[in-house]
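J.: One structure is given below, represented as structure tokens, and several questions about it will come after.
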Amino acid sequence: MTNDSGTTAVSPAAPGADGAAEPELASAWIGVRVPGAATLAGLSLLWLLGMLWTARASIRSAGDASVAIFLAAYSLPAVISASLVGGAAVGLAVLDRLSARVGERPTSRSLVATGAGLVTGLVAAAIVTLSYGSGSAIMVLGGTVAAAATVGGALASLRTTPIVGASIVASLCVFIVGVLFQPFHGELMSLYGAGASGASQKSANGLFAATVALTSGLIGGYLAYRYLRRVTRGARPAPRWPAYLAAGAGAGVMLLLTEAIIRIAGGPVLSLAKSLSEIDASGLTWLDGSRINYGLVVLFVGAITALIAFGRTLPKPGPAPRAESGPVPRAAEERDVP
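Residue numbering for the sequence shown follows this note's numbering, starting at 297 and increasing by one per position.
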């Protein structure tokens, strides 16, 4: 139920005969409507379009087919991650819009949200296949985009909609932080000791990625906590620490799920790009491992940040009651006498 101020209100659990809440209402905050779902969908789609346009400009600028294949493999993670988050955000917005009709029926929720993600993915895939050029790598890229958006829509069908919304907020934060760090890439690389050797370049790149991941996890985890706390305000009972832990880890889970989709659906593009030369294979293999480490750092830092933020809201335990001193009972005095 939505009140006049636009925020979501959840009816308190009805007490039973003994005054306790009914067991089936122990998770009353699950399935509540998500304020701002349409805004999240709009921002996610804008980010997806931006990634599609950037990848298109990069691939179309390639002078030959081999360079285009390498650039397609290089652009794959950013495009697939944006497609996954975009599909989840659109699925969440459609579910929120049709909540009165869909209700909490799992089959209906799954069909609606997954269908919304599929439509999003098909549109994005059409953009890829019609504007990026021709070739098997482009076709695989388009299919992987469609698959990622469909998986995102399926994630939106989960009944823990506030956690899904918090994960989308944190993922958008991770995207933005990554972009904001790019202008400082050269300065930070020099600070981290990047030199002419390949080893120093890899070491500095690893430190740069760790810096971005730590910052993304901290900010994303806190924003996920704030979003979940706002959405579930007034819910009885309120979400406990596992919900905040999951919300803070959501962006990292999205990144790792992106890697799984890339390896399953986009594997042919990566294999084709790695077969071009040993240098390309070495660089792409290093990037594969770097992205996994990046996702793990965002996951754990975001989860810990959200958990600490939630812990600071818990009431502090009061001082222990002091025992009252009084006259010693006579029976006790007699026992003490030797």
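Just so it is clear, CB atoms sit at the ideal spot from N, CA and C, and this is done for glycine as well.
Where does the unbroken alpha helix (DSSP H) through Ser-432 begin, and where does it stop?
T.: 432-452
J.: Rounding to the nearest angstrom, what Cα-Cα distance links Ser-404 and Val-330 in this structure?
T.: 18 Å
J.: What first and last residue would you give for the alpha helix (DSSP H) that runs through Lys-498?
T.: 494-527
J.: Go ahead and label Gly-598 buried or exposed: buried means 16 or more other beta carbons lie within 10 angstroms of its beta carbon, across all protein chains shown.
T.: buried
J.: Tell me which residue opens and which closes the alpha helix (DSSP H) that Lys-570 is part of.
T.: 563-570
J.: Indicate whether at least one CB of chain C lies closer than 8 Å to the CB of Gly-431.
T.: Here chain C cannot be found, since the structure has a single protein chain.
J.: Mind the definition here: the region 462-481 touches the region 437-446 only if three or more C-beta pairs lie below 8 Å; say whether that holds.
T.: no
J.: Give the single residue among Thr-425, Gly-494, Tyr-521, Pro-402 whose Cα lies nearest to the Cα of Ile-459.
T.: Tyr-521
J.: I'd like the span of the alpha helix (DSSP H) that includes Thr-425, first residue to last.
T.: 402-427
J.: What separation, rounded to the nearest whole angstrom, lies between the Cα atoms of Gly-350 and Pro-538?
T.: Looking at the sequence provided, one finds Thr at residue 350 rather than Gly. Looking at the two C-alpha atoms, the distance is approximately 37 Å.
J.: Work out the CA separation of Ser-430 and Val-424 for me, nearest whole Å.
T.: 10 Å
J.: To which residues of the same chain is Thr-581 closer than 8 Å at the C-beta, ignoring the five residues directly before and after it?
T.: Lys-570
J.: Does DSSP put Glu-320 in a helix, a strand or coil?
T.: Model confidence at Glu-320 stands at a pLDDT of 35, short of 50, so the residue's coordinates are unreliable and nothing is read from them.
J.: Using CA atoms only, rank isn't needed, just tell me which of Ala-542, Ser-486, Gly-517, Arg-401 is closest to Phe-504.
T.: Among Ala-542, Ser-486, Gly-517, Arg-401, the Cα nearest to that of Phe-504 belongs to Ser-486.
J.: Counting C-beta neighbours from all protein chains within 10 Å, is the total for Ile-557 16 or more, i.e. buried, or is it exposed?
T.: buried
J.: Are Val-344 and Gly-461 closer than 8 Å when you measure CB to CB?
T.: What sits at residue 344 in the sequence shown is Leu, not Val. Between Leu-344 and Gly-461, the C-beta spacing is not below 8 Å.
J.: Taking 8 Å as the threshold (C-beta atoms), are Met-550 and Val-375 in contact?
T.: Contact flag unset, no.
J.: Using the C-alpha atoms, what's the distance from Arg-536 back to Ser-406?
T.: Inter-residue distance for Ser-406 and Arg-536 is about 26 Å (C-alpha atoms, whole angstroms).
J.: I'd like to check one pair, Leu-414 with Ala-280: are the Cβ atoms closer than 8 Å?
T.: The structure shown does not extend to residue 280, since the chain is modelled only from 297 to 634, so the question has no answer here.
J.: Looking at the structure shown, is Arg-536 part of a helix, part of a strand, or coil, going by DSSP?
T.: coil
J.: Out of curiosity, what's the CA-to-CA distance linking Thr-511 and Ala-409?
T.: 31 Å
J.: Please return the same chain residues whose Cβ sits closer than 7 Å to the Cβ of Leu-524, not counting the five positions on each side in sequence.
T.: The residues are Pro-458, Ile-459, Ala-462, Pro-535, Ala-539, Tyr-540, Ala-543.
J.: In the DSSP assignment, find the unbroken alpha helix (DSSP H) run with Pro-373 in it and report its ends.
T.: In the DSSP assignment, Pro-373 falls within the alpha helix (DSSP H) that extends over 361-393.
J.: Please identify the residue among Leu-391, Gly-579, Ala-422 whose C-alpha is closest to the C-alpha of Ala-452.
T.: Leu-391
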